[in-house]
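The sequence shown: position 354 = 353 (numbering that gives the first Met the number 0), numbered continuously. No residue lacks a Cβ here, since even glycine has one placed at the ideal position from N, Cα and C. Everything numeric in this text was worked out from a predicted model, so none of it was measured. Note sheet for the following structure.
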Amino acid sequence: MLSKLKTKLSYQLSLNIVVTITFMILVMGVSVMFYMNAAIENELSNRIAAENEFAIYMVESFFKNASTKVNQLGLDKDIQLYLKEVKAHDDITTHPLYNEVLDTLKIIQFSDTNVSSSWVANESASFYIDSANIISGEDYIITERPWYRHAIDHKGISYTEPYRDWGTDKMVITAIQALHDEDDRIYGFAGVDFMLEVLPDIMNKIDVGSNGNVFLLDREGAYLYHKDASKILAGRMMDDYPELSPFLSSESKSEKEIRTVNISGRSYFISYHSVGLTNWSIITIIEKNEVLQNLYLFVTYLMSIMIFLTAVLVLLIVRIIQRKMKPISALTAYGLEIAGGNLEETPPYEYASRTDEMGDLARSFVTITEVFKQKNVQLEELVTSQYEEIQQQYHYILEKEKMSSLGSLVAGVSHEINTPLGVGVTASSYLSELIDELEATFKEGKLTKGDLTQSIESLKEASRVVSVNLDHTSELVQQFKSIAINQNDEKLATLYLCSEISSVISSLKSTHRDKHIVIDNTCSDAIVMTSYTGAVIRVFTNLIMNSMLHGFDAGDEGLIRIRAMQDGELVRITYQDNGKGLEEHVLEHIFEPFFTTNRNKGNSGLGMYIAHNLVTQTLSGTISCESEPNEGILFTIVLPMHLKLEDDL
């Protein structure tokens with residue numbers, strides 16, 4: 000790294016010169032590239048426009064020819080009279096003009112190889128006859144034909160959407176005209192079915208290169224021409240090229256404009272041209288790399304020459320400047336060594352005798368080195384003296400914190416025990432007064448049976464209050480004693496975790512029968528630990544009792560789920576219930592001593608504090624808690640698989 004830094008410093012001047020020259024060459028190259036790219040795109044745009052306009056002309060000529068054929072049918076006097084006079088199905092072939100009409104239909108069909116059929120229809124008789132002398136049956140209902148609504152909704156000649164002919168499976172379009180009488184009433188229809196086999200010949204005249212494509216689309220974006228014939232009338236461009244959706248949307252289409260799009264990671268030029276007499280459109284896609292290949296070759300050649308010349312120039316300038324910059328490189332290396340704390344590095348005395356600026360710099364480095372050495376000795380002496388003082392202050396603060404914690408604990412113990420003792424003392428005083436009153440009444444001979452009964456009841460109640468509060472006091476004392484438990488109170492033993500948890504669950508089944516809680520213990524029997532069995536039992540007892548007391552109300556149905564898995568030398572345990580959960584301000588204090596939300600029900604607030612101390616101190620693990628209101632509670636406990644005595648560590 001030091002060598003690279005020195006090399007970079009010695010190249011600064013040469014790089015500035017080279018960058019300037021390179022920038023000028025790059026600007027020239029980019030300018031040429033942009034100019035040529037614009038010229039090529041303009042030429043491509045003109046060529047595509049010309050080819051597309053020719054294709055559009057051919058398609059429009061096709062449609063004009065179709066219109067001419069339909070006009071011939073519609074203007075034929077025999078056909079007009081025939082359609083007006085045929086009123087019933089029996090008149091179709093018996094009418095005097097039947098043969099003339101059939102001959103005219105055949106003439107229209109055979110006059111153009113693109114015509115697959117010509118036909119006329121009559122609504123009053125609901126019949127259809129075509130150039131092949133196919134006549135509709137009596138069950139033929141003209142108003143239900145797909146072309147009927149299309150014809151009456153359009154004035155003049157209109158065109159159906161392209162479709163597959165059921166007989167030949169060829170793509171066909173129907174040119175149709177509703178025939179009106181002098182009163183503008185429709186008396187018949189004339190139509191010509193045109194095969195669209197001419198479309199591939201027209202579209203193939205558009206040059207899209209070896210990797211390009213050209214599509215003819217209908218108004219819905221379905222393929223009317225595709226180089227893959229199986230996709231014609233069977234696929235949509237939007238479905239095959241979803242990345243072209245913005246371009247194909249009506250508001251984004253720009254007539255005859257060349258745009259660049261990305262398809263499957265490759266760049267293409269794309270253009271859109273509409274076919275005037277229809278709602279069709281021609282989409283042309285040409286691969287950009289294929290069009291710009293010659294430009295890329297030229298630019299690559301130009302860049303190669305520029306890179307070669309730049310490399311030669313860099314080498315020449317670097318060689319010259321390195322010779323002039325050698326003293327600076329040596330002084331820089333020495334300065335970095337000093338900055339890294341190496342004060343034993345030999346100063347550059349060989350440059351200190353010079354009379355130029357380099358000599359001044361070398362002498363300054365020598366002076367700085369001597370000053371650093373003096374300051375370093377003084378600093379080491381100061382650090383040594385300050386360290387001892389800091390150690391004393393640290394031990395003082397540590398003892399102060401211990402005493403503060405002990406004071407908080409003693410205050411809590413006093414507060415918790417004082418309440419039941421106070422009630423017990425009051426009840427005891429009341430008990431003493433009752434006895435004195437009973438004795439005085441007895442000595443005066445005024446004691447009646449009713450007085451005696453009432454006194455006995457009062458004595459029982461007072462005695463019960465004393466007993467309950469003394470029991471509560473005893474229980475608190477036992478809990479306070481549990482806080483002081485450490486790993487010296489019991490011996491390390493082999494612990495089958497799943498079995499011990501199951502024992503705790505079984506022992507607590509009889510508690511809180513007013514709640515319907517299911518405890519699911521899922522852990523592997525293979526988890527065998529070396530730990531303190533009693534501490535583990537107390538942790539899970541406190542967790543389960545905490546859920547029973549605080550997580551569920553009487554009559555609730557709930558679930559407690561315990562999971563354990565081995566992770567290397569650790570055991571990860573999750574304890575979760577689906578109870579009421581905790582507010583955030585409660586969650587923050589859950590492991591603090593004497594914190595409880597049910598103090599009015601006799602809870603001391605030590606259960607979670609004891610569990611936390613057992614996990615973190617006795618069992619040398621960690622415990623964390625997560626909860627939200629109405630979302631239950633989750634404890635995560637991580638314990639070592641095998642504890643060791645301090646003497647073994």
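- The alpha-carbon of Val-69 is positioned some 17 Å away from that of Glu-160.
- The beta carbon of Gln-71 sits closer than 7 Å to those of Ile-107, all from its chain and outside the five residues before and after it, given in chain order.
- Counting other Cβ atoms within 10 Å of its Cβ, Ser-462 stays below 16 and is therefore classed as exposed.
- Between Asp-77 and Val-100, the C-beta spacing is below 8 Å.
- According to the DSSP assignment, Ile-257 belongs to no alpha helix (DSSP H), since it is labelled neither H nor E.
- When Cβ pairs closer than 8 Å are counted between the two stretches, the region 201 to 215 is seen to touch the region 279 to 288, the count reaching three or more.
- Excluding sequence positions up to five before and after Phe-268, its CB lies within less than 7 Å of the CB of Leu-43, Ile-257, Thr-259, Ile-285, Lys-287 and Val-290, all in the same chain and listed in chain order.
- Closest option to Ser-263, judged by alpha-carbon separation, among Tyr-240, Tyr-186 and Asp-152: Tyr-240.
- Taking Leu-335 as reference, the option from Ile-367, Glu-52 and Val-517 with the minimal CA-CA separation is Ile-367.
- In the three-state scheme derived from DSSP, where H, G and I count as helix and E and B as strand, Glu-489 is classed as coil.
- In the structure shown, Met-640 falls within a coil segment according to DSSP collapsed to helix, strand and coil.
- Measuring C-alpha to C-alpha distances from Thr-615 to each of Gly-580, Ile-559, Glu-556 and Ser-530 identifies Ser-530 as the nearest.
- Between the region 569 to 581 and the region 623 to 641 there are three or more C-beta pairs closer than 8 Å, enough to call the two in contact.
- Per DSSP, reduced to three states, the secondary structure at Leu-296 is helical.
- With 16 or more other CB atoms across the displayed protein chains lying within 10 angstroms of its CB, Ile-561 is buried.
- If you compare the alpha carbons of Leu-104, Leu-569, Leu-315 and Gln-575 with that of Met-547, the shortest gap goes to Gln-575.
- His-515 sits in a strand when the DSSP states are folded into three classes.
- Comparing alpha-carbon positions, the option among Thr-21, Thr-635 and Leu-644 lying closest to Ala-310 turns out to be Thr-21.
- Excluding five sequence positions before and after Ala-525, the CB atoms of its chain that fall closer than 8 Å to its own CB belong to Gln-565, given in chain order.
- Counting along the chain, Glu-99 sits inside the alpha helix (DSSP H) bounded by residues 97 to 109.
- Here Ala-65 is not near His-88, since their CB atoms are 8 Å or more apart.
- Within the DSSP secondary-structure output, Ala-120 pairs in a beta bridge with Tyr-127 and Phe-188.
- Cβ atoms of Asp-555 and Lys-514 come within 8 Å of each other, at about 5 Å.
- Contact between Val-191 and Ala-174 holds, since their C-beta atoms are separated by about 5 Å, short of 8 Å.
- With a contact defined as Cβ atoms closer than 8 Å, Ile-133 and Phe-126 miss out at about 11 Å.
- Fully contained in the region 176 to 236 are the following alpha helix (DSSP H) runs of length 4 or more, in chain order: 197 to 202.
- Under the three-state reduction of DSSP, Asp-168 is assigned to coil, being neither helix nor strand.
- Here Ile-133 carries a coil assignment [DSSP, helix/strand/coil].
- Thr-383 carries a helical assignment under DSSP once its states are collapsed to helix, strand and coil.
- Between Thr-532 and Leu-586, the CB-CB gap reaches or exceeds 8 Å.
- In the three-state reduction of the DSSP assignment, Tyr-56 falls in the helix class.
- Annotated three-state conformation of Arg-560 is strand, per DSSP.
- Here the alpha carbons of Glu-379 and Met-544 stand approximately 58 Å from one another.
- Across the set Tyr-81, Thr-103 and Leu-104, the C-alpha of Tyr-81 shows the shortest separation from the C-alpha of Pro-95.
- Contact check for Asp-206 against Glu-52 fails: the beta carbons are separated by 8 Å or more.
- Per DSSP, Arg-571 is not a residue of any alpha helix (DSSP H); the beta strand (DSSP E) it occupies stretches across 569 to 576.
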